[in-house]
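**Student:** Dumping the structure here so I can ask a few things about it.
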Amino acid sequence: MHKLTSLEITQALASLAQWRLDADKGAITRDYQFADFAQAFGFMAQVAIASEKRNHHPEWFNVYNKVRITWTTHDVQGLSSNDVEMATLCDNAFAAIRGAAA
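Counted from 1, the sequence shown has number 32 at position 49 by our numbering; the numbering is strictly sequential.
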């Protein structure tokens, strides 16, 4: 595992349009909004299970139907491919929850 270069980060963010780069922290962050707390908690549970399997855990904050999630890799002191994979997983989980609710 290596720290992503500036070019790799730019390329990754092209497919993660809703994610914001915090260059000072070497992290990416996104805010999600759900219909209610149950949806938000369900999303967090899915991400928690995937995080445990990969031994890569987010920083996150939840209030009612909102979840803010941040990914960084402490071992490389910045972003790694693990963060990009987990951000993509989060986006896919969010899309599935939103689609199921429609």
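Where is the CB? At the ideal position from N, CA and C, for every residue including glycine.
All values derive from a computational prediction rather than experimental measurement.
Assign Gln(-6) to buried or exposed, taking buried as 16 or more other Cβ atoms, counted over all protein chains shown, within 10 Å of its Cβ.
**Tutor:** By the neighbour-count rule (16 or more Cβ atoms within 10 Å), Gln(-6) is not buried but exposed.
**Student:** Ends of the beta strand (DSSP E) at Phe44?
**Tutor:** Glu42 to Val46 is the span of the beta strand (DSSP E), which, as asked, contains Phe44.
**Student:** With distances taken from CA atoms, which of Glu42, Ala78, Val59 and Ile11 is nearest Leu(-4)?
**Tutor:** The shortest C-alpha separation from Leu(-4) is found at Ile11.
**Student:** On the CB-based measure, 16 or more other CB atoms within 10 Å of its CB, does Gly82 come out buried or exposed?
**Tutor:** It counts as exposed.
**Student:** Measure the alpha-carbon distance for Trp43 versus Phe24 and round it to whole angstroms.
**Tutor:** One C-alpha to the other measures close to 12 angstroms.
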